[in-house]
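These notes are about the structure you will find just below.
Residue numbers (the numbering used here): 219 to 613.
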């Protein structure tokens, strides 16, 4: 959720881009939080003394262990005094009033939160002018390293993938394709503290036409992070993810973990960071909740040719299947395969820079993948990667 140009910047906050931006950073040694270490050391002494006082000592020791166990990060956050910002105080008021958070504990969390300028820079729109190129984009995902890792992931989790396919109706190759595009099966899940980047983007999003909406989105995700940490009884600062706050192997935003996360290994916890089973079940559940049709067991996309008349152009765009096969045909769209009359479809264009654009007809299942990341390129990469891995398995 990969040193490629971020997916999120072009179309939405999906994982493909987040993970790519983080791959380069993950090759650098993690910086230790020296201040946190010093605090932990100091608190450890207090914890030792407190142990003689029973429960209070145990609580102090647990708090020390939580701070000391926080994973390293590889960016420099800045002290921002978030707690002095009126918008942040309003946010705290709401968390106390609506969700019953303890004010003092919440104040302490906000006090430790850092401003991350690199997150602000990464969400800025890419400079205009460079044409989209599907072949260049897809070559970053449909490549030997991901395919080989996908074969191993599928083989190691074959029973779980088969169970998810039977329960949700989502083919194993689609689930494997998504997790591969997102993080190379957990290899690149991100090293930003989620609380830091979400607070930064919630209250200091860069100037943009959609700034108000994006700030509201990240504010909700910050709230979801705190709720998730409380629900799972974990230190909120232990959650690491992409520069946009996406977490774990499938790069779910915290709100989506709460809404669509599945405890698929039955251990009582939704763990998208360490449990392949939970990642598999959660991806399948997300797709079903966003329109995946289990009764449609055929391909999700079909190669198409378009007529010189250009009558088909108004059919382009959108992230849903809206047209009957006869409507596509009347507009000059022809497929090699006869499309079932009982289903709806959409026309997808994959631009190739100066080379001819590829056209495909897609059904509702393809568009369900675009709800994971609002990009035709992303959804097609998932389809193609999953297909390549399935072929490589040879089973």
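Using N, Cα and C, we set each Cβ at its ideal position, and we do this for glycine too.
All values reported here derive from a predicted model rather than from experimental measurement.
query = Got a sec? Which residues, its chain only, sit under 8 Å from residue 322 by beta carbon, not counting five neighbours each side?
reply = none
ask   = Are three or more beta carbon pairs between the stretch 299–316 and the stretch 340–355 nearer than 8 Å?
value = no
Runs of alpha helix (DSSP H) lying entirely within the stretch 293–329, each at least 4 residues, in chain order = 304–317
task = Report yes if the CB atom of residue 507 is closer than 7 Å to the CB atom of residue 478, and no otherwise.
result = yes
task = Return helix, strand or coil for residue 521, following the three-state DSSP convention.
result = strand
query = Taking three-plus beta-carbon pairs below 8 Å as touching, is the stretch 360–377 in contact with the stretch 393–404?
reply = yes
query = If we call anything under 7 Å between Cβ atoms a contact, is residue 412 one with residue 473?
reply = no
task = Quick one: residues in its chain with C-beta nearer than 7 Å to the C-beta of residue 439, no 5 flanking neighbours on either side, listed in chain order?
result = 416, 463, 471, 472, 473
query = Roughly how many whole angstroms lie between the Cα atoms of residue 608 and residue 349?
reply = 31 Å
message = Residues in the same chain with beta-carbon distance under 7 Å from residue 499, minus the five sequence neighbours each way, listed in chain order, please.
response = 382, 480, 482
task = Return the CA-CA distance between residue 391 and residue 612, expressed in angstroms with no decimal places.
result = 13 Å
inquiry  = Cutting at 7 Å between CB atoms, please list the residues of its own chain near residue 600, excluding the five before and the five after it.
reply    = 392, 395, 396, 399, 587
ask   = What separation, rounded to the nearest whole angstrom, lies between the Cα atoms of residue 592 and residue 563?
value = 17 Å
request  = Tell me whether residue 425 sits in a helix, a strand or coil according to DSSP, three-state version.
outcome  = coil
query = How about residue 388 and residue 502: do their beta carbons lie closer than 7 Å?
reply = yes
Residues near residue 252 in its chain [Cβ-Cβ closer than 7 Å; skip 5 each side] = Confidence is the limiting factor: at residue 252 the pLDDT is only 35, short of 50, which leaves the residue's position unreliable, though a coordinate-based value still follows. Excluding sequence neighbours, residue 252 sits near nothing in its chain.
ask   = Among 582, 324, 531, which one has its Cα closest to the Cα of residue 567?
value = 531
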